[in-house]
Amino acid sequence: MSKRRKRSIFEVMNEYVENFRIWAEEIIESAVAERPRWDVKSCCLEPLCNVFITIDEAVVTADLPNTDPKNIKVKAVSEDSIEIRAKMKRKLQFDYFGITHRRGEFSSFRCQVHIPVPVDTKQMKSDFKRGVLEVRLPRKKGYEIKIE
Amino acid sequence: MTELTKIVEKKPIPSGAIMLQGLPDVGLVGLIATSYITSELNLDEIAYVDSDLLPPVIVLHDGLPHAPLRMYGKNNIIATISETAVPAASLHIVMRAFIDWMQSKNVKMVVSMGGIPVENRQAIKEPEVFVAASTKDQLNLLSEKGLKILKGGYMVGPQALTMRYCAERNIPAIALMAQSFYNYPDPEAAAMVIKELTKIAEIKVDISKLLEQGEEIRLKARDIMRRTQQEMTRMKKTQEYDLPLYV
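If you read the sequences in order, they're chains A and B. Numbering-wise (this note's numbering), the first sequence opens with residue 1 and increments by one. Numbering-wise (this note's numbering), the second sequence opens with residue 1001 and increments by one.
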């Protein structure tokens, strides 16, 4: 039998921290009920979207296939969130996705995206390329500390 | 092969075949590419992975149940796809069982297809494809054929384990990776991977239909992409952006 290597205190601590992180993630996931990413009432699909934070800006992207850039609307709904709405080129029923046991159709994409850092929503700029919307929001500047 | 994870064969498995692997990962590139090849070459479902470590999920096709992680094959090709994200915590055991099985079937070569996340994907018209291999000889051969070698960096996820376990068992393995979106389905990147695949394997597939179907694939792949992203977060996929320490 091979002799087990003695682990350092740092390795043990790292393992505890990692286990705690996984446990915390699981708790958060189980606390927030999963929901469908579509809404028949408003005929909306929720697009895939993402937020990247860089030093200067927050970049929100959303995958919007089956849409025309003319029919995409982006607006700030509060200081820290924006709403994306995009009308689809053609309406989609559930059977388009191979689902025959549900009824309803989808005519647009819609989502609200929370921005986790302070941004200037009045300065936001957007671009649409390869079916992906990109919204850039400059981060609010803080103040400089003089180095002595 | 562990008792918790086994491969159940439904039809005779071709011996000495090329194994194409496309599990859900960055941009679903490998999954889209493998599924497209499976459909274009009209491959038959030949086996599936039965594991207590996978979620209790089946997929219904025309009212009939299928295991999400399964293999298709015909003649000298076997293709693996998964219609559900493979849990990060189960990946090691599932991949090890899977590669043990491949070895028992004398697989000639494994081609694992996938994506390399790039931040400026929107600006890239034709994604570049890079390749890594499990042996130096293979790498030289690929280089001679004009493929671009992925010289450094980290690989995380199913492709990484495929390369590692294949190298351990002396099974020739190649990873074909196209620049792609991280968490948006990327059929264009999948098409570029197939284009490069045809240079290294005797597989003839026309990618034009895949490019035409791009928008439809992106619409239909939303939910599996979302779940795959959750697993990518768990396996710390963003380590692929890290700059490695070579001293």
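All C-beta atoms in this analysis are idealised placements derived from N, C-alpha and C, irrespective of residue type, glycine included. If you're wondering where the values come from, they're calculated on a predicted model, not measured in any experiment.
Do residue j and residue i have their beta-carbon atoms positioned less than 8 Å apart in this structure?
{"i": "B/P1187", "j": "B/R1218", "result": "yes"}
{"i": "B/M1192", "j": "B/P1127", "result": "yes"}
{"i": "B/P1172", "j": "B/Q1122", "result": "no"}
{"i": "B/L1023", "j": "B/V1086", "result": "yes"}
{"i": "B/K1199", "j": "B/K1136", "result": "no"}
{"i": "A/L92", "j": "A/F106", "result": "yes"}
{"i": "B/I1207", "j": "B/V1111", "result": "no"}
{"i": "B/W1101", "j": "B/I1007", "result": "yes"}
{"i": "B/Q1179", "j": "B/I1124", "result": "yes"}
{"i": "B/V1131", "j": "B/L1161", "result": "no"}
{"i": "B/L1004", "j": "B/L1053", "result": "yes"}
{"i": "A/I115", "j": "A/V51", "result": "yes"}
{"i": "B/K1236", "j": "B/V1156", "result": "yes"}
{"i": "B/S1082", "j": "B/L1031", "result": "yes"}
{"i": "A/V132", "j": "A/D63", "result": "yes"}
{"i": "B/Y1165", "j": "B/R1096", "result": "yes"}
{"i": "B/I1224", "j": "B/T1084", "result": "yes"}
Sort the options by Cα distance to residue i and report the nearest one.
{"i": "B/L1245", "options": "B/V1049, B/M1102, B/G1152, B/V1086", "result": "B/G1152"}
{"i": "A/R90", "options": "A/D68, A/F20, A/K73", "result": "A/D68"}
{"i": "B/P1014", "options": "B/D1044, B/V1029, B/G1027", "result": "B/D1044"}
{"i": "A/I99", "options": "B/K1105, B/A1079, B/I1078, B/V1059", "result": "B/V1059"}
{"i": "B/I981", "options": "B/L1069, B/V1118, B/E1040, B/L1147", "result": "In the structure as shown, chain B begins at 1001 and stops at 1247. Residue 981 of chain B is therefore absent and cannot be evaluated."}
{"i": "B/H1066", "options": "B/A1079, B/D1050, B/N1075, B/K1074", "result": "B/D1050"}
{"i": "A/A58", "options": "A/K70, A/D80, A/L45, A/R37", "result": "A/D80"}
{"i": "A/L48", "options": "A/K125, A/I147, A/A86", "result": "A/A86"}
{"i": "A/C43", "options": "A/E148, A/R7, A/C111", "result": "A/C111"}
{"i": "B/T1034", "options": "B/N1120, B/M1177, B/L1004", "result": "B/M1177"}
{"i": "B/N1075", "options": "B/D1242, B/E1202, B/I1224, B/E1216", "result": "B/E1202"}
{"i": "A/R139", "options": "A/D95, A/D120, A/R130", "result": "A/D120"}
{"i": "A/E134", "options": "A/K141, A/E83, A/F94, A/E148", "result": "A/E83"}
{"i": "A/P118", "options": "A/S126, A/D56, A/I145", "result": "A/D56"}
{"i": "A/V74", "options": "A/K146, A/N14, A/K125, A/F10", "result": "A/K125"}
{"i": "B/I1037", "options": "B/E1212, B/L1243, B/Q1103, B/A1190", "result": "B/A1190"}
What first and last residue would you give for the alpha helix (DSSP H) that runs through residue i?
{"i": "A/L182", "result": "Past the boundaries of the shown model lies residue 182 of chain A; chain A is included only from 1 to 148, so the question cannot be answered."}
{"i": "B/H1092", "result": "1091 to 1104"}
{"i": "B/E1231", "result": "1222 to 1234"}
{"i": "B/S1035", "result": "1029 to 1040"}
{"i": "A/T54", "result": "Looking at the DSSP string, A/T54 is not in any alpha helix (DSSP H), and its letter there is neither H nor E."}
{"i": "B/L1141", "result": "1136 to 1144"}
{"i": "B/I1116", "result": "Run containing B/I1116: none in the alpha helix (DSSP H); it sits in the beta strand (DSSP E), 1109 to 1117."}
{"i": "B/K1199", "result": "1187 to 1200"}
Under 7 Å between beta-carbons, which chain A residues line up against residue i? List them in chain order, please.
{"i": "B/E1240", "result": "Here the premise fails: no neighbours, minimum Cβ distance about 15 Å."}
Classify residue i: buried if its beta carbon has 16 or more other beta carbons within 10 angstroms, exposed otherwise.
{"i": "B/M1204", "result": "According to the sequence displayed, residue 1204 of chain B carries Lys and not Met. Answer is exposed; the Cβ neighbour count stays below 16."}
{"i": "B/K1072", "result": "One point to set straight first is that residue 1072 of chain B is Tyr, not Lys, in the sequence displayed. Classification for B/Y1072: buried."}
{"i": "B/N1183", "result": "buried"}
{"i": "B/A1089", "result": "exposed"}
{"i": "B/G1016", "result": "exposed"}
{"i": "B/P1056", "result": "exposed"}
{"i": "A/Y143", "result": "exposed"}
{"i": "B/T1238", "result": "exposed"}
{"i": "B/H1092", "result": "exposed"}
{"i": "A/S2", "result": "Low per-residue confidence applies at A/S2: pLDDT is 44, beneath 50, and the placement is therefore not dependable, though the value from the model is reported in the following sentence. A/S2 should be labelled exposed."}
{"i": "A/T54", "result": "exposed"}
{"i": "B/T1002", "result": "For B/T1002, the pLDDT reaches just 49, beneath the cut-off of 50, and the residue's location in the model is therefore unreliable, although a value from the coordinates is still provided. Classification for B/T1002: exposed."}
{"i": "B/P1068", "result": "buried"}
{"i": "A/V17", "result": "exposed"}
{"i": "B/D1025", "result": "buried"}
{"i": "B/R1222", "result": "buried"}
{"i": "B/Q1229", "result": "buried"}
{"i": "B/E1240", "result": "buried"}
Taking Cβ-Cβ distances shorter than 9 Å, what residues in chain B pair up with residue i?
{"i": "A/D63", "result": "F1181, N1183, Y1184, P1185, R1218, R1222, M1225"}
{"i": "A/R37", "result": "R1222, D1223, R1226"}
{"i": "A/E134", "result": "Q1122"}
{"i": "A/N66", "result": "E1215, E1216, R1218, L1219"}
{"i": "A/N50", "result": "Y1182, N1183, Y1184, Q1229"}
List, in chain order, every chain A residue whose beta-carbon is nearer than 9 Å to that of residue i.
{"i": "B/Q1213", "result": "The premise fails here: B/Q1213 is roughly 11 Å from chain A at the closest Cβ pair, so nothing lies under 9 Å."}
So the beta strand (DSSP E) residue i belongs to, where does it begin and stop?
{"i": "A/E79", "result": "Element bounds for A/E79: n/a, residue is neither H nor E."}
{"i": "A/Y143", "result": "From DSSP, A/Y143 is part of no beta strand (DSSP E); its letter is neither H nor E."}
{"i": "B/Q1213", "result": "That residue, B/Q1213, is in no beta strand (DSSP E); it is neither H nor E in DSSP."}
{"i": "A/E57", "result": "57 to 63"}
{"i": "B/P993", "result": "A question about residue 993 of chain B goes unanswered here, because the residues of chain B that appear run from 1001 up to 1247."}
{"i": "B/R1164", "result": "Note, B/R1164: premise wrong, no beta strand (DSSP E); alpha helix (DSSP H) at 1158 to 1168."}
{"i": "B/M1019", "result": "1018 to 1022"}
{"i": "B/S1051", "result": "1044 to 1051"}
{"i": "A/S108", "result": "105 to 114"}
{"i": "B/E1009", "result": "1005 to 1009"}
Please list the partners that residue i has in chain B, where partner means a Cβ-to-Cβ separation under 7 Å.
{"i": "A/R130", "result": "Q1122"}
{"i": "A/F97", "result": "K1220"}
Between residue i and the ligand PLP, is there a pair consisting of the residue's CB and a ligand heavy atom that are separated by less than 7 Å?
{"i": "B/N1076", "result": "By its list of ligands, the structure shown contains no ligand whatsoever, and the ligand PLP lies outside what it can speak to."}
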